[in-house]
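All remarks here apply to the structure that follows.
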Amino acid sequence: MATAFFLGERGETDVVLVEQSWLGSGTTKGGLGGIRHQFVDELDVRLSQVATEFWRDFESFTSSAHDFEQNGYLFVAETADGMAALRAPMPLYERLGVEVEMVGPQRIARLVPGIRTDDLKGGRFGARDGYGVPVDALAGFAAAAALEGVRLVEHVRVDALITENGRVIGARTNDGEIRADRVLLATGAWTAPLAATAGVRVPIWPYRRSIMEAAGPFPKLASIPLVIEWESGLHFRPKGAAQRFAMPNLTADGAIEKGPAAPPPSFDAPALDSADVPPQFESWVKARGARRMEPFAHLKITDRWSCNYEMTPDEHPIVGAVPGTPGLYIAAGFSGHGFMHTPATAQLIVEELLDGKATTLDIADLSIERFRTGRRPFTTTVL
Ligand SMILES: Cc1cc2nc3c(=O)[nH]c(=O)nc-3n(C[C@H](O)[C@H](O)[C@H](O)COP(=O)(O)OP(=O)(O)OC[C@H]3O[C@@H](n4cnc5c(N)ncnc54)[C@H](O)[C@@H]3O)c2cc1C
Numbered sequence: 007m008a009t010a011f012f013l014g015e016r017g018e019t020d021v022v023l024v025e026q027s028w029l030g031s032g033t034t035k036g037g038l039g040g041i042r043h044q045f046v047d048e049l050d051v052r053l054s055q056v057a058t059e060f061w062r063d064f065e066s067f068t069s070s071a072h073d074f075e076q077n078g079y080l081f082v083a084e085t086a087d088g089m090a091a092l093r094a095p096m097p098l099y100e101r102l103g104v105e106v107e108m109v110g111p112q113r114i115a116r117l118v119p120g121i122r123t124d125d126l127k128g129g130r131f132g133a134r135d136g137y138g139v140p141v142d143a144l145a146g147f148a149a150a151a152a153l154e155g156v157r158l159v160e161h162v163r164v165d166a167l168i169t170e171n172g173r174v175i176g177a178r179t180n181d182g183e184i185r186a187d188r189v190l191l192a193t194g195a196w197t198a199p200l201a202a203t204a205g206v207r208v209p210i211w212p213y214r215r216s217i218m219e220a221a222g223p224f225p226k227l228a229s230i231p232l233v234i235e236w237e238s239g240l241h242f243r244p245k246g247a248a249q250r251f252a253m254p255n256l257t258a259d260g261a262i263e264k265g266p267a268a269p270p271p272s273f274d275a276p277a278l279d280s281a282d283v284p285p286q287f288e289s290w291v292k293a294r295g296a297r298r299m300e301p302f303a304h305l306k307i308t309d310r311w312s313c314n315y316e317m318t319p320d321e322h323p324i325v326g327a328v329p330g331t332p333g334l335y336i337a338a339g340f341s342g343h344g345f346m347h348t349p350a351t352a353q354l355i356v357e358e359l360l361d362g363k364a365t366t367l368d369i370a371d372l373s374i375e376r377f378r379t380g381r382r383p384f385t386t387t388v389l
């Protein structure tokens, strides 16, 4: 949707966006909305810098409101190893001019009223980070793109790409064919089977993660940073008077699993319907929450959902033209951090689509080519 918006901005209005269900029905509806600069790879930090500039001025760019709260991201660590991991990228942040600081228990207690700090070694705080609302942002991009003249079609599924002499020249849908000079797959966890119809192997697969909400109210926590326990993976952030919690997965023996151990043998698309949250997750969140925060001593979970991360083997997206298949582009596989980078990746893929090369940032490392050559330019970053 953001790509459609930026195409419209560039005056390209002969654009059609095809959505198999309703806009936002994929991973976007399920996200926590975190927006952070605190990555370990330079390109991720730079994407966050470009994106955050846009998030801050979303309303003036799209004429729609988006509740971007720049209240920061706070990682807290209980162990010396955790502190060492948090400290490791500090020189990168300094070099790129990102406002991130190592913080001690006293500062943590001031940032988050009611947090338990006696078991903490310290943490890392990024004041320029924050959180937004993915479906609101999507609606803003959609409204602006529609006004620019982009055509949005819901409840139509692309069944296959149409190729001619190795070039992608359109898409076959359950409502007829669409011919196009260029086709962008921004199809999240559903990308692999669709790309396969043009003979392109895309290593993206779904990986379930869950979120819970406690209605509160938590009056003193309405503008706290998004907090992440480094060791356990518990996240929480305010959403109005409520608090939202994201958590790692739990294995059958109760161990924490932050990401998939390895890619699956085949890359399949998920079902469209949503899955239940495993019941043991609620007791885990309640216990972890009560342990960390005095206001969470008696949490009442009022909502919960599971949704799919769209994983790639190096937990980084595939963004760019597909070498060897002219006419085909991909922006998918954001591996659990696609919302925050949306305005950046959308602008960059538009530069590739219209100018032949992204210029705002060099995104050659995000090309699908890395999975063909075995080159691994990134560190894995699932939280
Ligand atoms: C629990 C959870 C927490 C998260 N937290 C964060 C966070 O804090 N910060 C962050 O930045 N990110 C977060 N994410 C990740 C983020 O939500 C995703 O990276 C992002 O929403 C991906 O957007 P997308 O548009 O690429 O994919 P999607 O939202 O999945 O959109 C792809 C769309 O393509 C459509 N489609 C697919 N195939 C076809 C077809 N053949 N024909 C027509 N339409 C098709 C789908 O229906 C879908 O609507 C989280 C994700 C989850 C699950």
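Numbering (the numbering used here), first residue to last: 7 to 389. For glycine and all other residues, C-beta sits at the position ideal for the given N, C-alpha and C.
Own chain, CB closer than 7 Å to residue i, minus 5 neighbours either side, in chain order
{"i": "G39", "result": "Y137, G138, V139, P140 and F345"}
{"i": "G110", "result": "G128"}
{"i": "P383", "result": "D371 and R376"}
{"i": "Q286", "result": "L256"}
{"i": "D165", "result": "R178, T179 and N180"}
{"i": "E321", "result": "G265, S341, T386, T387 and V388"}
According to DSSP, residues forming a beta bridge with residue i
{"i": "D309", "result": "E219"}
{"i": "Q249", "result": "A220 and P244"}
{"i": "I184", "result": "A177"}
{"i": "E263", "result": "N255"}
{"i": "F11", "result": "Note: F11 sits in no beta bridge, so no partner."}
{"i": "R134", "result": "None; R134 has no bridge partner."}
Nearest-angstrom Cα separation, counted from residue j out to residue i
{"i": "V206", "j": "L49", "result": "25 Å"}
{"i": "D125", "j": "E84", "result": "6 Å"}
{"i": "V46", "j": "G295", "result": "27 Å"}
{"i": "Y99", "j": "M299", "result": "29 Å"}
{"i": "D135", "j": "P244", "result": "14 Å"}
{"i": "L232", "j": "A133", "result": "10 Å"}
{"i": "S69", "j": "R185", "result": "31 Å"}
{"i": "A228", "j": "F81", "result": "18 Å"}
{"i": "L334", "j": "N314", "result": "24 Å"}
{"i": "A281", "j": "K35", "result": "13 Å"}
{"i": "G17", "j": "A10", "result": "11 Å"}
{"i": "Q353", "j": "H304", "result": "44 Å"}
Integer-rounded CB distance, given that residue j should sit under 8 Å from residue i
{"i": "A248", "j": "E219", "result": "5 Å"}
{"i": "G194", "j": "G32", "result": "5 Å"}
{"i": "P276", "j": "P212", "result": "4 Å"}
{"i": "I336", "j": "T203", "result": "Actually they do not touch by this definition, with Cβ atoms about 13 Å apart."}
{"i": "I210", "j": "M317", "result": "7 Å"}
{"i": "V106", "j": "F147", "result": "Actually they do not touch by this definition, with Cβ atoms about 28 Å apart."}
Cut-off 6 Å between Cβ atoms - residues of its own chain near residue i, not counting five sequence neighbours on either side
{"i": "V283", "result": "S216, R310 and S312"}
{"i": "I168", "result": "I175, G176 and R178"}
{"i": "Q26", "result": "R163"}
{"i": "F60", "result": "P349"}
Any non-hydrogen atom of ligand 3 within 6 Å of residue i CB
{"i": "S27", "result": "As presented, the structure is devoid of ligand 3, carrying ligand 1 as its sole ligands."}
Beta-carbon contacts of residue i that lie in its chain and below 8 Å, excluding the five residues immediately before and after
{"i": "R297", "result": "R122"}
{"i": "R246", "result": "Checking the sequence, you will find Gly at residue 246 rather than Arg. A228, listed in sequence order."}
Q | Cβ contact (3+ pairs, closer than 8 Å) linking the region 183–191 and the region 164–175 | A | Segment contact: the region 183–191 against the region 164–175, three or more CB-CB distances shorter than 8 Å; contact assigned.
Q: Kindly confirm or deny that the region 321–340 and the region 371–383 touch, where touching means at least three C-beta pairs closer than 8 Å.
A: Yes, the region 321–340 touches the region 371–383.
Q. Are the region 18–26 and the region 141–160 touching, with three or more C-beta to C-beta distances below 8 Å?
A. At 8 Å Cβ cutoff, the stretches touch.
Q. Is there contact here, the region 113–129 with the region 252–269, by at least three beta-carbon pairs under 8 Å?
A. Short answer: they don't touch.
Q) When the Cβ atoms of the region 52–61 are set against those of the region 354–368, are three or more pairs found closer than 8 Å? A) Taking a cut-off of 8 Å for Cβ pairs, the region 52–61 and the region 354–368 touch, as three or more such pairs fall below it.
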